[in-house]
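Worksheet: one structure, shown below.
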Amino acid sequence: MKMLCKHCGKAFEGNTEKFCSDSCFKSHISDISRRSAEAVEGDPGHTQNLSED
Ligand SMILES: [Zn+2]
């Protein structure tokens, strides 16, 4: 099954994976952490509504 990496957008053969590689997974997690930190600073009322994009 062809999947698109959620981090770099590259097509890869996968099944349940959302990332083409472990480094993309780790990069994506750190992106989310950074965005969450920024979101908390700018919008403290919505910390409960973080979605797993
Ligand atoms: Zn990737």
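Each residue of the sequence shown is one higher than the one before, starting from 2 at the first, in our numbering.
Where a beta carbon is used, it is the ideal one built from N, C-alpha and C, also for glycine.
Backbone CA spacing between residue i and residue j [nearest angstrom]
i	j	result
Ala-12	Val-41	32 Å
Phe-20	Ser-37	20 Å
Gly-43	Ser-22	32 Å
Cβ-based neighbour list, residue i, same chain, cut-off 8 Å, excluding 5 preceding and 5 following
i	result
Met-2	Glu-14, Gly-15 and Asn-16
Asp-32	His-8
Own chain, CB closer than 7 Å to residue i, minus 5 neighbours either side, in chain order
i	result
Leu-18	Residue 18 is actually Glu in this sequence, not Leu. Closer than 7 Å at the Cβ level, and outside the excluded window around Glu-18, lie Met-4.
Cys-25	Cys-6, His-8 and Cys-9
Contacting residues, own chain, Cβ-Cβ under 6 Å from residue i (five flanking each side not counted)
i	result
Ser-28	His-8
Residues with C-beta closer than 6 Å to any heavy atom of ligand 1, in chain order: Cys-6, His-8, Cys-9, Lys-11, Phe-20, Cys-21, Ser-22 and Cys-25
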